[in-house]
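Note that this note's numbering numbers the sequence shown so that position 97 is 89, with each residue one more than the last. Yeah, the Cβ is synthetic: ideal placement off N, Cα and C, and Gly gets one too. Only one structure is covered here, and it is reproduced in the block below.
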Amino acid sequence: MKKFLKGFYFAFNGISYSFRTQLNFRIHCLISLLVIAVCFYLGLTTAEWLWIIAAMAIVFMAELFNTAMETLVDLVSPKFNPKAGLIKDISAAAVLIAALMALITGILILLPKIIHAS
Ligand SMILES: Nc1ncnc2c1ncn2[C@@H]1O[C@H](COP(=O)(O)OP(=O)(O)OP(=O)(O)O)[C@@H](O)[C@H]1O
-7 MKKFLKGFYF AFNGISYSFR TQLNFRIHCL ISLLVIAVCF YLGLTTAEWL WIIAAMAIVF
53 MAELFNTAME TLVDLVSPKF NPKAGLIKDI SAAAVLIAAL MALITGILIL LPKIIHAS
């Protein structure tokens, strides 16, 4: 049981580190809170909530993996190395893809409701 709870502590430590060091992570948190507030206001169906939550989770996961990748690259290759740069660029590209998917999901679900509500 202690080991199980320790796992949560380590995971929270990773989230806390990303939040403290990554501006993008903080921006994702802020956007997510705003989107959740809008979703409550507009009244989403269960299926719509699931899409929004899935899109957000994918963005956060991509951001966390990206932070891990950056930290790993800085550890093994602190000096300039084209391959180290490429790894960081590819990792950042994964975040971009996730963010675009989230943006499209948000537009498809929220825009018709916003237009209908106004
Ligand atoms: N060791 C390195 N060798 C070569 N290029 C690097 C190296 N480190 C970073 N780069 C290049 O600089 C870019 C920015 O790297 P950096 O580590 O500042 O990432 P970042 O996304 O700005 O991270 P952070 O949010 O921590 O500032 C990378 O995407 C990569 O192209």
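Could you compute how far the alpha carbon of residue i sits from the alpha carbon of residue j?
i, j, result
"isoleucine 99", "lysine -2", "39 Å"
"phenylalanine 4", "leucine 56", "11 Å"
"alanine 54", "leucine 92", "12 Å"
"lysine 80", "lysine 71", "14 Å"
"leucine 117", "serine 83", "Because residue 117 is not part of the residues shown, which for the chain are -7 to 110, the question remains open."
"phenylalanine 0", "alanine 109", "41 Å"
"leucine 36", "isoleucine 19", "23 Å"
"aspartate 66", "asparagine 73", "11 Å"
Given 8 Å as the limit, tell me if residue i has its C-beta closer than that to any heavy atom belonging to ligand 1.
i, result
"alanine 76", "yes"
"glutamate 40", "no"
"asparagine 73", "yes"
"leucine 95", "no"
"valine 51", "no"
"alanine 84", "yes"
"leucine 56", "no"
"serine 8", "no"
"leucine 88", "no"
"leucine 15", "yes"
"lysine -6", "no"
Going along the chain, which residues of its own chain have a beta-carbon closer than 8 Å to the beta-carbon of residue i, five neighbours each way excluded?
i, result
"tyrosine 9", "Thr59"
Only counting the same chain, and skipping five residues up and downstream in sequence, which positions put a Cβ closer than 6 Å to that of residue i?
i, result
"valine 87", "Ala54, Glu55 and Asn58"
"glutamate 40", "Ile101"
"leucine 15", "none"
"lysine 105", "Leu34"
Which residues in the same chain have their Cβ closer than 7 Å to the Cβ of residue i, if we skip the five residues on either side of it in sequence?
i, result
"glycine 77", "none"
In chain order, what are the residue ranges of uninterrupted beta strand (DSSP E) at least 3 long that sit wholly in the region 11 to 38?
none
Jot down the residue ranges of each uninterrupted alpha helix (DSSP H) in the region 32 to 107, minimum 4 residues, whole runs only, in chain order.
38 to 68
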